[in-house]
Amino acid sequence: MQHPRMEVMCHVNNCQYYKSDYCHAPKLEVNAKKGNTADTSKEALCSTFRPQ
Ligand code: SF4
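Here full-length UniProt numbering is used: the first residue of the sequence shown is 1, the next is one more, and so on.
Here it is in structure tokens:
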């Protein structure tokens, strides 16, 4: 199955994948803070984040 590809702008500049306001991770996983649903963007988190 072919997956969509997109540029991901990010401002978490202490992540290993951050470079010049863009994410350079090979793929990204985003999860809800609790369970599988979110009501606001604050409840949707980047699980691929790795601190430098
Ligand atoms: S992995 Fe997540 S936190 Fe890290 S640069 Fe990419 S989008 Fe930002």
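Positions of the beta carbon are idealized from the N, C-alpha and C atoms, including for glycine. Predicted model, so just to flag it, every value in this text is computed and none were measured.
Can you give the Cα-Cα distance for residue i and residue j, rounded to whole angstroms?
i: Lys-19; j: Glu-43; result: 24 Å
i: Ala-25; j: Asn-36; result: 23 Å
i: Leu-34; j: Met-1; result: Note on identity: in this sequence residue 34 is Lys, with Leu being the wrong assignment. C-alpha separation (whole angstroms): 28 Å.
i: Ala-32; j: Leu-45; result: 6 Å
i: Thr-40; j: Val-30; result: 13 Å
i: Lys-27; j: Pro-4; result: 11 Å
Going by DSSP in three states, residue i sits in which element: helix, strand or coil?
i: Lys-19; result: strand
For a quick check, are the C-beta atoms of residue i and residue j less than 9 Å apart?
i: Cys-10; j: Gln-52; result: no
i: Tyr-22; j: Val-12; result: no
Open item on the list: Using a strict less-than 6 Å threshold between each residue's beta carbon and the heavy atoms of ligand 1, what residues do you get?
Closed with: Answer in sequence order: Val-8, Cys-10, Val-12, Cys-15, Tyr-17, Tyr-18, Cys-23, Ala-25, Leu-28, Cys-46, Thr-48, Phe-49.
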